[in-house]
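In this note's numbering, the protein residues as written are 12 to 322.
First comes the structure, then the notes that go with it.
Right under this line is the structure:
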C-alpha cells in the first residue's frame, strides 16, 4: 500500500500527481498498488487551493509499503506536529521506503530521517532548509534524490518524476514508460536534471546576486574563480561564498557549472557547433571535462542531447 500523508494547506498537485501515476500503473499492472491518503485526523483535509481530500487516520497506514509526504504551505505546521513526526519516524522503521514531494522534505528532516543523507526540495526553500537542517546533505538543484530507502523530490510536478522512478523500480521501465505516455509527460526526467535554471529565476532586481549571475553568464569562457566573483560583487571571498550559498542554495562553483551546462545543452540541442567548440564556448575548455559534468548532473553524455535531447 502507498500511503500519502496530507495536512491542512497541503499543495494539491503534490498529492494528485503521484496518485494519478500510481493509479494508472495499477490499471496497467492490476494489483500492483493500493493508494490511501492519510492525515493526523480522519476526514476532509483542506489543501492550500481550498479543494479538500478525504483522508484516513494514521492508524490505517501502519503497514504501508511506501509513505509519501506531500508538501505545501502546511508543512510549517506538519513539521512541528509531534504526532505527525512520531508517525513518520515509526513508519520509516516498517515501510520499504519513505519519500517527500517538494517541501514535504521538511517533515522528513524534522523527523530525523535525513540526517547525513542526500536530499532535495523546492529550489525556493533550499536556503531556509539548509539553515534549519545543516546535517542534511542538500542537493538543491536536482529533480529528485534517492538515498537508500529515503527519497525526496523538488517542487510540485517533480512528484510525478519521483512516482515514475518508483514505478520503474517496482514494475519495470516498460510500465513506467506506459504510465508517462498516459499522463502525457516525459519519460522521464532523470533525477540529475537540474533545477538551477528555475533557481536562477530568483534573480529579481532586488536580488543582490542577479547582476553577478548575468555578468558571469556573459563570461563563461573565463575561469570565474570564487575570488573573481567575489571581487565583482565587492565582497571578500569568504563572505561572498557564504552569502551566495545562503541566497541561492548552491555554491558559487556549482552555480557557474550549471550556467555552463545550460549554455552547452542549448548549443547541443541547436546542433550548430561541434562538441569541441561548444566545450570551449561554455567554459569547460575540453570535451572530456564537459562529458564528465554532463554524466554527473544529467546521467547522459553530451551526445545524447545532440541526438534530440530527451530531457
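Backbone N, C-alpha and C fix where the C-beta goes; we use that ideal spot for every residue, glycine too.
All figures in this text were calculated on a predicted structure; none of them were measured in a lab.
### Task
Just the C-alpha distance for residue 270 and residue 136, rounded to the nearest angstrom, thanks.
For the purposes of this step, residue 270 is taken as the residue at position 259 of the chain shown. For the purposes of this step, residue 136 is taken as the residue at position 125 of the chain shown. Their backbone Cα atoms lie some 20 Å apart in a straight line.
### Message
Measuring straight from C-alpha to C-alpha, what distance separates residue 85 and residue 289?
### Response
For the purposes of this step, residue 85 is identified with residue 74 of the chain shown, where counting begins at 1. For the purposes of this step, residue 289 is identified with residue 278 of the chain shown, where counting begins at 1. Going by the C-alpha atoms only, they are around 44 Å apart.
### Message
For residue 155, list the residues DSSP reports as bridge partners.
### Response
As a first step, residue 155 is located in the chain shown; it is residue number 144 there, counting from the start. Per the DSSP secondary-structure output, residue 155 pairs in a beta bridge with 164.
### Message
If you reduce the DSSP assignment to three classes, tell me which class residue 314 lands in.
### Response
The sequence position of residue 314 within the chain shown is 303, counting from 1. Note: residue 314 maps to helix in three-state DSSP.
### Distance, residue 240 Cα to residue 247 Cα
Locating residue 247 in the chain shown gives position 236, where the first residue counts as 1. Locating residue 240 in the chain shown gives position 229, where the first residue counts as 1. Spanning the two alpha carbons is a distance of roughly 10 Å.
### Task
Below 6 Å CB to CB, which residues in the same chain sit around residue 166 once its five sequence neighbours on both sides are set aside?
Counted from its first residue, the chain shown places residue 166 at position 155. Same-chain partners within the cutoff: 113 and 133.
### Query
According to the Cβ coordinates, are residue 48 and residue 14 closer than 9 Å?
Along the chain shown, one-based indexing puts residue 48 at 37. Along the chain shown, one-based indexing puts residue 14 at 3. The answer is yes: Cβ separation under 9 Å.
### Query
Quick one: is residue 299 buried, meaning 16 or more other Cβ sit within 10 Å of its Cβ, or exposed?
For the purposes of this step, residue 299 is identified with residue 288 of the chain shown, where counting begins at 1. The residue is exposed, with fewer than 16 neighbouring Cβ atoms inside 10 Å.
### Message
Classify residue 233: buried if its beta carbon has 16 or more other beta carbons within 10 angstroms, exposed otherwise.
### Response
If you number the chain shown from 1, residue 233 lands on position 222. Classification of residue 233: exposed, given that the 10 Å Cβ count is below 16.
#### Entry: Where residue 150 falls, given that 16 or more other Cβ within 10 Å makes a residue buried
Counted from its first residue, the chain shown places residue 150 at position 139. Classification for residue 150: buried.
### Validate contact between the region 31-40 and the region 174-183 using beta carbons, cut 8 Å, 3 pairs
Short answer: they touch.
### Query
What whole-angstrom Cβ distance do residue 280 and residue 305 have, given they're in contact under 8 Å?
Position 269 of the chain shown, counting from 1, holds the residue named residue 280. Position 294 of the chain shown, counting from 1, holds the residue named residue 305. About 13 Å separates the two Cβ atoms, so there is no contact after all.
### Query
In this structure, what does DSSP give as the bridge partners for residue 64?
Translated into positions along the chain shown, residue 64 becomes position 53. For residue 64, which the question treats as bridged, DSSP gives the partners 56.
### Task
Throw me the rounded Cβ distance for the residue 266 and residue 295 pair, which I believe falls under 8 Å.
On the chain shown, residue 266 is found 255 positions in, with the first residue counted as 1. On the chain shown, residue 295 is found 284 positions in, with the first residue counted as 1. That belief does not hold up - the Cβ atoms of residue 266 and residue 295 are roughly 15 Å apart, past 8 Å.
### Query
What are the boundary residues of the beta strand (DSSP E) that residue 108 is part of?
For the purposes of this step, residue 108 is taken as residue 97 along the chain shown, with counting starting at 1. Here the beta strand (DSSP E) through residue 108 covers 108-111.
#### Entry: Reduced DSSP secondary structure (H/G/I, E/B, other) of residue 244
By 1-based counting over the chain shown, the position of residue 244 is 233. Residue state for residue 244 is assigned as coil, using DSSP reduced to three classes.
### Query
Which same chain residues, not among the five before or five after residue 163, have their C-beta less than 7 Å away from its C-beta?
Counting from 1 along the chain shown, the entry for residue 163 is found at position 152. Around residue 163: 110, 111, 116, 119, 130, 131, 132, 155 and 156.
### Query
Straight-line CA distance for residue 26 to residue 73?
On the chain shown, residue 26 is found 15 positions in, with the first residue counted as 1. On the chain shown, residue 73 is found 62 positions in, with the first residue counted as 1. Going from the Cα of residue 26 to the Cα of residue 73 covers about 19 Å.
### Task
Give me the Cα-Cα distance between residue 60 and residue 21, rounded to the nearest whole angstrom.
Start at 1 with the first residue of the chain shown, and residue 60 comes out as number 49. Start at 1 with the first residue of the chain shown, and residue 21 comes out as number 10. One C-alpha to the other measures close to 9 Å.
### Message
Which complete alpha helix (DSSP H) runs does the region 248-282 hold, if anything under 4 residues is left out?
### Response
Under the rule that a run must span 4 or more residues, the alpha helix (DSSP H) segments found entirely inside the region 248-282 read 248-259 and 263-281.
### For residue 108 and residue 98, the rounded distance between their alpha carbons
Taking the chain shown and counting its residues from 1, the one referred to as residue 98 is at position 87. Taking the chain shown and counting its residues from 1, the one referred to as residue 108 is at position 97. Those two C-alpha atoms are separated by around 14 Å.
### Query
Considering only residues of the same chain and omitting the five flanking positions on each side of residue 284, which have a CB-CB separation below 8 Å?
Residue numbering aside, residue 284 sits at position 273 when the chain shown is read from its first letter. Counting only Cβ-Cβ distances below 8 Å, and skipping sequence neighbours, we find 278 and 292.
#### Entry: Exposure label - residue 202; buried when at least 16 CB within 10 Å
Here residue 202 is taken as the residue at index 191 of the chain shown, counted from 1. The pLDDT assigned to residue 202 is 48, lower than 50, so where the model puts this residue is not dependable, and the model offers no usable value.
### Query
Do you know how far the Cα of residue 95 is from the Cα of residue 88?
By 1-based counting over the chain shown, the position of residue 88 is 77. By 1-based counting over the chain shown, the position of residue 95 is 84. One C-alpha to the other measures close to 10 Å.
### Query
Under three-state DSSP, which class holds residue 132?
The residue labelled residue 132 in the question sits at position 121 within the chain shown. Under the three-state reduction of DSSP output, residue 132 falls in the coil class, being neither helix nor strand.
### Message
I'd like to check one pair, residue 124 with residue 103: are the Cβ atoms closer than 9 Å?
### Response
Along the chain shown, read from residue 1 onward, the residue named residue 103 stands at position 92. Along the chain shown, read from residue 1 onward, the residue named residue 124 stands at position 113. Contact: yes.
### Query
Quick one: what's got a C-beta closer than 8 Å to residue 282's C-beta in the same chain, skipping five residues either side?
For the purposes of this step, residue 282 is taken as residue 271 along the chain shown, with counting starting at 1. For residue 282, where only same-chain residues beyond five positions count, the Cβ hits under 8 Å are 317.
### Query
Whose C-beta lies closer than 6 Å to the C-beta of residue 147 among residues of the same chain, with five residues either side of it excluded?
For the purposes of this step, residue 147 is identified with residue 136 of the chain shown, where counting begins at 1. Excluding positions up to five away in sequence, the list reads 120, 125 and 130.
### Query
Rounded to whole angstroms, how far is the Cβ of residue 29 from the Cβ of residue 170, which I believe are closer than 8 Å?
In the chain shown, residue 29 corresponds to position 18, counting from 1. In the chain shown, residue 170 corresponds to position 159, counting from 1. The Cβ separation is near 5 Å, so the contact holds.
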